[in-house]
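Q: All the letters of the sequence shown, read from the start, carry residue numbers 36 to 411 under our numbering.
Right, I'll just put the structure down here and ask away after.
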Amino acid sequence: MKHGEGLVLKYKRTIYFFVVLIIALLLYKLIDNVGYVLTWVSSILKLLTPFFIAFFIAYLLRPIVNFIESKLHRLRFKRLISILIVFAGVLGFIIVSITYVSPKVIDSVTRLLSNMPYYIRETNTWITENILSHEWAQKYQIADHAQEMINSLSNSVSDILGLILNNITSGLFMLTSTLINIVLGLVISIYMLKDKEKLAVGAQRLLKALFTEARADKIVQSVKRVDEVFSRYFAGVIFDSLIVGFISFLGLLALKAPHALLAAVVITITNVIPYFGPLVGMVFVTIITLFVSPLQAIWVALFVFLVQQFDGYYLGPKILGSKVGISPLWVIMAILIGGGTFGIIGMFIAVPVFSVIKTAIDTFINRKLHEKQNPI
36 MKHGEGLVLK
46 YKRTIYFFVV
56 LIIALLLYKL
66 IDNVGYVLTW
76 VSSILKLLTP
86 FFIAFFIAYL
96 LRPIVNFIES
106 KLHRLRFKRL
116 ISILIVFAGV
126 LGFIIVSITY
136 VSPKVIDSVT
146 RLLSNMPYYI
156 RETNTWITEN
166 ILSHEWAQKY
176 QIADHAQEMI
186 NSLSNSVSDI
196 LGLILNNITS
206 GLFMLTSTLI
216 NIVLGLVISI
226 YMLKDKEKLA
236 VGAQRLLKAL
246 FTEARADKIV
256 QSVKRVDEVF
266 SRYFAGVIFD
276 SLIVGFISFL
286 GLLALKAPHA
296 LLAAVVITIT
306 NVIPYFGPLV
316 GMVFVTIITL
326 FVSPLQAIWV
336 ALFVFLVQQF
346 DGYYLGPKIL
356 GSKVGISPLW
366 VIMAILIGGG
376 TFGIIGMFIA
386 VPVFSVIKTA
396 IDTFINRKLH
406 EKQNPI
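This is the structure we're talking about:
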């Protein structure tokens with residue numbers, strides 16, 4: 036018996052040795068040919084791009100489809116009708132953006148850049164006549180320092196506006212070059228929304244086939260928590276920002292602010308980033324108005340500030356509810372880390388990601404405390 040057990044142990048060790056050896060060889064070849072591997076992975080990801088786009092579209096539109104479907108409970112084809120209504124709105128939004136918004140925004144940025152030397156000269160003249168001409172400014176040599184600051188600021192503004200124009204132009208070019216993927220993504224997303232329950236059931240069956248039932252259930256519950264946070268946050272923030280942008284556009288038109296559509300687009304985009312975004316939007320709108328009329332810039336800044344206060348204290352909480360359940364301090368920290376690591380996209384997704392991580396940590400701590408019979 037002992038001899039047989041020794042042979043079995045020796046046999047297991049031999050198999051283990053060969054498995055480790057094969058894994059080591061595979062890792063060596065993988066590292067040695069990392070360039071080819073990355074190229075292959077990149078080509079696969081490019082092929083799957085329409086599916087990624089479709090998932091993103093379906094994920095954003097799912098809450099709207101669910102809401103409309105809940106209102107059509109008496110109709111027979113309520114899912115199909117809900118999807119058609121939502122995609123009719125999406126296509127209308129895309130058509131308006133391409134035919135009206137994009138050309139107007141590009142035209143505003145182009146005119147802003149072409150008029151920048153004039154704006155800088157006028158600003159310099161106004162500051163010189165109204166501030167630097169006073170005796171106290173000459174006495175403390177403020178004029179020289181102010182002139183240096185004006186020149187530095189004008190160069191920075193020109194660089195920033197040029198970067199914005201380049202990003203808009205390259206973004207539109209990329210949008211045109213990937214139009215096929217976007218169209219395919221829209222079509223695939225329709226089927227994803229139509230069969231979302233079947234896809235969810237299939238994913239659960241796969242999990243139960245790969246893991247134990249208890250482990251699969253835990254994964255499903257975790258995914259549901261993540262989905263709840265991300266879905267509510269993304270859909271709410273985008274909808275909220277669109278409303279804020281529309282209100283800002285109407286108000287800026289009423290105030291006869293220059294480049295009202297461009298300003299509204301910037302406010303809409305920056306509003307998706309908590310705390311920092313609205314401030315950036317307000318500063319941008321104030322600066323481009325300041326070049327035309329300092330008095331008008333004050334009214335524009337006041338209007339944008341009031342819109343942001345309305346959004347922060349009423350509209351945002353109404354749409355987003357309790358948002359993601361983390362304090363402003365953690366929100367700011369998440370945005371700084373996300374922005375420093377992944378740029379603008381990192382700032383956009385940082386808050387829900389941080390919320391999910393915080394929820395997971397809280398769940399882990401509570402479970403450990405419960406196991407120790409020491410709940411707090």
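Using N, Cα and C, we set each Cβ at its ideal position, and we do this for glycine too.
Apply the 10 Å Cβ neighbour rule to Glu104 and answer buried if 16 or more other Cβ atoms are within range, or exposed otherwise.
A: Position 69 of the sequence shown, counted from the start, is the residue given in the question as residue 104. Glu104 is buried by the Cβ-count criterion.
Q: Is the beta carbon of Ile282 less than 8 Å from the beta carbon of Val342?
A: Position 247 of the sequence shown, counted from the first residue, corresponds to residue 282. Position 307 of the sequence shown, counted from the first residue, corresponds to residue 342. It is a contact, given that the beta carbons lie within the stated cut-off.
Q: Could you check whether the stretch 76 to 93 touches the stretch 217 to 230, counting it as contact only if at least three pairs of C-beta atoms, one from each stretch, sit closer than 8 Å?
A: Because the criterion of three Cβ pairs below 8 Å is met, the stretch 76 to 93 and the stretch 217 to 230 touch.
Q: Could you tell me the distance, in whole angstroms, from the CA atom of Ile243 to the CA atom of Ala251?
A: Here the question's residue 243 lines up with position 208 in the sequence shown. Here the question's residue 251 lines up with position 216 in the sequence shown. The identity of residue 243 in the sequence shown is Lys, whereas the question assumes Ile. Each residue's alpha carbon lies about 5 Å from the other.
Q: Go ahead and label Arg111 buried or exposed: buried means 16 or more other beta carbons lie within 10 angstroms of its beta carbon, across all protein chains shown.
A: In the sequence shown, residue 111 corresponds to position 76, counting from 1. Looking at its Cβ environment, which holds fewer than 16 other Cβ atoms inside 10 Å, Arg111 is exposed.
Q: Are the CB atoms of Leu296 and Val140 within a distance shorter than 8 Å?
A: Residue numbering aside, residue 140 sits at position 105 when the sequence shown is read from its first letter. Residue numbering aside, residue 296 sits at position 261 when the sequence shown is read from its first letter. Cβ distance < 8 Å, so Val140 and Leu296 count as in contact.
Q: Taking the continuous alpha helix (DSSP H) assigned at Ala159, which residues delimit it?
A: For the purposes of this step, residue 159 is taken as residue 124 along the sequence shown, with counting starting at 1. At residue 159 the sequence reads Asn, which differs from the Ala that was named. Run containing Asn159: 151 to 162, per the alpha helix (DSSP H) assignment.
Q: Which stretch, first to last residue, makes up the alpha helix (DSSP H) that contains Arg97?
A: Translated into the one-based positions of the sequence shown, residue 97 becomes position 62. Residues 84 to 106.
Q: Using 8 Å as the cut-off, can you tell me whether the stretch 227 to 236 makes contact with the stretch 362 to 370, which would need three or more C-beta pairs spanning the two stretches below that distance?
A: The stretch 227 to 236 is not in contact with the stretch 362 to 370.
Q: Do Ile118 and Ile225 count as a contact pair if the criterion is CB distance below 8 Å?
A: Residue mapping note: residue 225 aligns to position 190 of the sequence shown, counting from 1. Residue mapping note: residue 118 aligns to position 83 of the sequence shown, counting from 1. Contact flag set, yes.
Q: Can you tell me whether Thr413 is buried or exposed, with buried defined as 16 or more other CB within 10 angstroms of its CB?
A: Residue 413 cannot be examined here, being either before or after the span of the chain that is shown, 36 to 411.
Q: Classify Ile405 as buried or exposed, calling it buried when 16 or more other Cβ atoms lie within 10 Å of its own Cβ.
A: Translated into the one-based positions of the sequence shown, residue 405 becomes position 370. In the sequence on display, residue 405 carries His and not Ile. With fewer than 16 Cβ atoms within 10 Å of its Cβ, His405 is classed as exposed.
Q: How many Å lie between Ile79 and Ser257 at the Cα?
A: Translated into the one-based positions of the sequence shown, residue 79 becomes position 44. Translated into the one-based positions of the sequence shown, residue 257 becomes position 222. Cα to Cα, Ile79 sits roughly 28 Å from Ser257.
Q: Just tell me which of Thr324, Val366, Val391, Ile308 has its CA closest to the CA of Phe431.
A: One cannot answer for residue 431 here, as it falls past the ends of the chain, which runs 36 to 411.
Q: Counting along the chain, where does the alpha helix (DSSP H) carrying Gly220 start and finish?
A: Translated into the one-based positions of the sequence shown, residue 220 becomes position 185. Element bounds for Gly220: 214 to 229.
Q: Per DSSP, what kind of secondary structure is Lys407 in: helix, strand or coil?
A: In the sequence shown, the residue the question calls residue 407 occupies position 372. Lys407 falls in the coil class under three-state DSSP.
Q: Can you have a look at Val317 and say buried or exposed, based on whether 16 or more other CB atoms are within 10 angstroms of its CB?
A: Walking along the sequence shown from the start, residue 317 turns up at place 282. The amino acid at residue 317 is misidentified as Val; the sequence shows Met. Buried, since its Cβ has 16 or more Cβ neighbours within 10 Å.
Q: Since Ala293 and Thr321 should fall inside the 8 Å C-beta cutoff, what is the C-beta to C-beta distance between them, to a whole number of angstroms?
A: Indexing the sequence shown from 1 puts residue 293 at position 258. Indexing the sequence shown from 1 puts residue 321 at position 286. The residue you asked about is not Ala; residue 293 is Pro in the sequence shown. 12 Å between Cβ atoms; not a contact.
Q: In this structure, how does DSSP classify Pro309 when only helix, strand and coil are distinguished?
A: Here the question's residue 309 lines up with position 274 in the sequence shown. Coil.
Q: Can you tell which of Phe265, Phe128, Tyr348, Asp346 has its C-alpha closest to the C-alpha of Tyr94?
A: Position 59 of the sequence shown, counted from the start, is the residue given in the question as residue 94. Cα-wise, what sits closest to Tyr94 is Phe265.
Q: What distance in whole Å lies between the Cβ atoms of Ala385 and Ala369, which are believed to be in contact at a cut-off of 8 Å?
A: The residue labelled residue 369 in the question sits at position 334 within the sequence shown. The residue labelled residue 385 in the question sits at position 350 within the sequence shown. Confirmed, Cβ separation roughly 4 Å.
Q: Whose CA, out of Gly374, Phe377, Lys403, Gly312, lies closest to the CA of Gly347?
A: Within the sequence shown, residue 347 is the residue found at index 312, counting from 1. Closest option to Gly347, Cα to Cα, is Gly312.
Q: Taking the Cβ atom as the reference point for each residue, do Ala412 and Ile223 lie within a distance shorter than 8 Å?
A: In the structure as shown, the chain starts at 36 and stops at 411, and residue 412 therefore has no counterpart that could be examined.
Q: Out of Ala298, Ile120, Thr160, Phe399, which one is the CA nearest neighbour of Leu314?
A: If you number the sequence shown from 1, residue 314 lands on position 279. When only C-alpha atoms are compared, the closest one is Ala298.
Q: Do Pro98 and Ala270 have their C-beta atoms closer together than 8 Å?
A: Looking up residue 98 in the sequence shown gives position 63. Looking up residue 270 in the sequence shown gives position 235. In contact: Pro98 and Ala270 (Cβ atoms closer than 8 Å).
Q: Could you tell me which of Lys291, Val366, Phe340 sits nearest to Tyr268, measuring between CA atoms?
A: Numbered from 1 along the sequence shown, position 233 holds the residue referred to as residue 268. Of the candidates Lys291, Val366, Phe340, the one whose C-alpha sits nearest the C-alpha of Tyr268 is Val366.
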